[in-house]
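Q:
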Amino acid sequence: MFGVLLASLGSAFSELSDSIGKKKTSELVCSPYTFGFLSVLGGTVFLIIIGFARNDFVFSLASLPTFLPRLVLEVLQAHVTIQAIMRADRSDFGPVRMLTIPLLLAIDLMLGYTIDTQQILGMGIIFGTVLILLSYEQFKTKGLFLLLFTAVNAAATISLFKYDITHFNSVASEQAIIGMVLILYFFILAVVRTNENPVRFLFKRTFFVQAVSGGLSSVFGAYAISFAPASIITAALRASAVLFSILSGKIYFSERGFFLKLLLFCAIAGGLLLLV
121 MFGVLLASLG SAFSELSDSI GKKKTSELVC SPYTFGFLSV LGGTVFLIII GFARNDFVFS
181 LASLPTFLPR LVLEVLQAHV TIQAIMRADR SDFGPVRMLT IPLLLAIDLM LGYTIDTQQI
241 LGMGIIFGTV LILLSYEQFK TKGLFLLLFT AVNAAATISL FKYDITHFNS VASEQAIIGM
301 VLILYFFILA VVRTNENPVR FLFKRTFFVQ AVSGGLSSVF GAYAISFAPA SIITAALRAS
361 AVLFSILSGK IYFSERGFFL KLLLFCAIAG GLLLLV
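The numbering used here puts the sequence shown at residues 121 to 396.
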């Protein structure tokens, strides 16, 4: 239960951070690379502080065969996610990415875990709900392929992360290293491609709030997965993210189809209950 609570809080802060980033990039106030830089900066700083405070930096070289592939996939995930946030409607972002949950359960099945009839029904409901959403939008959902990539790739990165922190590394060390690489990646792109210094945006209140919100989201999400199976925590993250993205899509971005998407959220929540 505590893990689910952390996951839900993480989703709330993530939605705040992403909504600020989407709005500011659409207004051309900042580049997508600065958006990415600010999104990962806060979480990395918080995790480093937590790691030092708890003396919790544990990293094993034996984890490299799984850590290095995860590092590459996380860079891809971060880059594509920023593009997806910019292009896709907020109310579409959460529902399509729900496909990560059935994929995680499929991975569990391949690893030897059993999946009962109830869970199969839950996966069917989630797939069906996403299909209804796409049909409603005539399969012209903005940024659809970007969203599908982030949903599929997340199943791989989450599985590798869960494996690493179970057998080798601490949460703080694993995520801090990933975060520092992403910070460097987005910083270089911002400077080289857009001649923009992302650090100066931290002195503006709105962007500071974005960085802190993104940081809290990363910390809550990272530690939540320590308290329950990856599929359950991801289900909680995605379900709450769907609700928050639908609400922000309506309130801040005036997106259409609010009531249909709210009904689809209820269907997704029902499917998740069957999964977990």
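Yeah, the Cβ is synthetic: ideal placement off N, Cα and C, and Gly gets one too.
Can you list, in chain order, the residues of its chain with a C-beta nearer than 8 Å to that of N317? Leave out the 5 residues immediately preceding and following it.
A: Here residue 317 refers to the residue found at position 197 of the sequence shown. Excluding positions up to five away in sequence, the list reads A310 and V311.
Q: In whole angstroms, what separates the C-alpha of C150 from that of M206?
A: Taking the first residue of the sequence shown as position 1, residue 150 is located at position 30. Taking the first residue of the sequence shown as position 1, residue 206 is located at position 86. If you take the alpha carbons of C150 and M206, they lie about 12 Å apart.
Q: Which residues in the same chain as F328 place their Cβ atom closer than 7 Å to its Cβ, once the five residues preceding and following it in sequence are excluded?
A: On the sequence shown, position 208 is the one that residue 328 refers to. Cβ within range, chain order: L322.
Q: Out of curiosity, what's the CA-to-CA distance linking Q330 and L224?
A: Start at 1 with the first residue of the sequence shown, and residue 330 comes out as number 210. Start at 1 with the first residue of the sequence shown, and residue 224 comes out as number 104. Cα-Cα distance, rounded: 29 Å.
Q: For S180, does the count of other Cβ atoms within 10 angstroms reach 16, so buried, or fall short, so exposed?
A: Start at 1 with the first residue of the sequence shown, and residue 180 comes out as number 60. Exposed.
Q: Hey, quick one: how far does the alpha helix (DSSP H) through L409 stretch, first residue to last?
A: A question about residue 409 goes unanswered here, because the residues of the chain that appear run from 121 up to 396.
Q: On the criterion of 16 or more Cβ atoms from any shown chain inside 10 Å, does V272 qualify as buried, or is it exposed?
A: Here residue 272 corresponds to residue number 152 of the sequence shown, with the count starting at 1. Exposed, because fewer than 16 other Cβ atoms sit within 10 Å of the Cβ of V272.
Q: Would you mind reading off the limits of the alpha helix (DSSP H) that contains P318?
A: Taking the sequence shown and counting its residues from 1, the one referred to as residue 318 is at position 198. Segment: none, P318 is in no alpha helix (DSSP H) and carries neither H nor E.
Q: According to DSSP, is E294 helix, strand or coil?
A: Along the sequence shown, read from residue 1 onward, the residue named residue 294 stands at position 174. Residue state, collapsed to three classes: helix.
Q: With distances taken between CB atoms, is the gap from G156 to A208 smaller than 8 Å?
A: Walking along the sequence shown from the start, residue 156 turns up at place 36. Walking along the sequence shown from the start, residue 208 turns up at place 88. Going by C-beta atoms, G156 is not nearer than 8 Å to A208.
Q: Answer with buried or exposed for E194, where buried requires no fewer than 16 other C-beta atoms within 10 angstroms of its C-beta.
A: To locate residue 194, count along the sequence shown from 1; it is residue 74. Buried is the call here.
Q: Under a Cβ-count criterion, where at least 16 other Cβ atoms within 10 Å of its own Cβ denotes burial, should T286 be classed as buried or exposed?
A: Counted from its first residue, the sequence shown places residue 286 at position 166. So T286 counts as exposed.
Q: What three-state label does DSSP hand S180 in the structure shown?
A: Taking the first residue of the sequence shown as 1, we reach residue 180 at position 60. Here S180 sits in coil by DSSP.
Q: Given 8 Å as the limit, is there contact between the segment 286-300 and the segment 160-177, that is, 3 or more CB pairs closer than that?
A: The segment 286-300 vs the segment 160-177: in contact.
Q: Assuming contact is defined by CB atoms lying nearer than 8 Å, are S137 and G334 in contact in what I supplied?
A: Stepping through the sequence shown from its first residue, residue 137 is reached at position 17. Stepping through the sequence shown from its first residue, residue 334 is reached at position 214. In contact: S137 and G334 (Cβ atoms closer than 8 Å).
Q: Give a yes or no on whether the C-beta atoms belonging to E344 and A132 are separated by under 8 Å.
A: Translated into positions along the sequence shown, residue 344 becomes position 224. Translated into positions along the sequence shown, residue 132 becomes position 12. Residue 344 is actually Ala in this sequence, not Glu. In this structure, A132 does not lie closer than 8 Å to A344 by Cβ.
Q: Which residue wins for smallest C-alpha separation from I278, given the options L267, T186 and G242?
A: Indexing the sequence shown from 1 puts residue 278 at position 158. Among L267, T186 and G242, the Cα nearest to that of I278 belongs to T186.
Q: Enumerated in chain order, which unbroken segments of the alpha helix (DSSP H) with a length of 4 residues or greater are wholly contained in the segment 131-156?
A: Taking only runs of at least 4 residues, no alpha helix (DSSP H) segment lies wholly in the segment 131-156.
Q: Could you check whether V216 and V250 sit closer than 8 Å to each other, using their CB atoms as the reference points?
A: One-based indexing of the sequence shown puts residue 250 at position 130. One-based indexing of the sequence shown puts residue 216 at position 96. Cβ atoms of V250 and V216: closer than 8 Å.
Q: Tell me whether P189 is buried or exposed, calling it buried when 16 or more other Cβ atoms sit within 10 Å of its Cβ.
A: Counted from its first residue, the sequence shown places residue 189 at position 69. The residue is exposed, with fewer than 16 neighbouring Cβ atoms inside 10 Å.
Q: Can you check which of these residues, L158, L191 and S146, is closest to F306 by C-alpha distance?
A: As a working note, residue 306 is residue 186 in the sequence shown. It is L158 whose Cα lies nearest to the Cα of F306.
Q: Check this for me: beta carbons of A274 and I227, under 8 Å apart or not?
A: Taking the sequence shown and counting its residues from 1, one reaches residue 274 at position 154. Taking the sequence shown and counting its residues from 1, one reaches residue 227 at position 107. No, the Cβ-Cβ distance between A274 and I227 is not below 8 Å.
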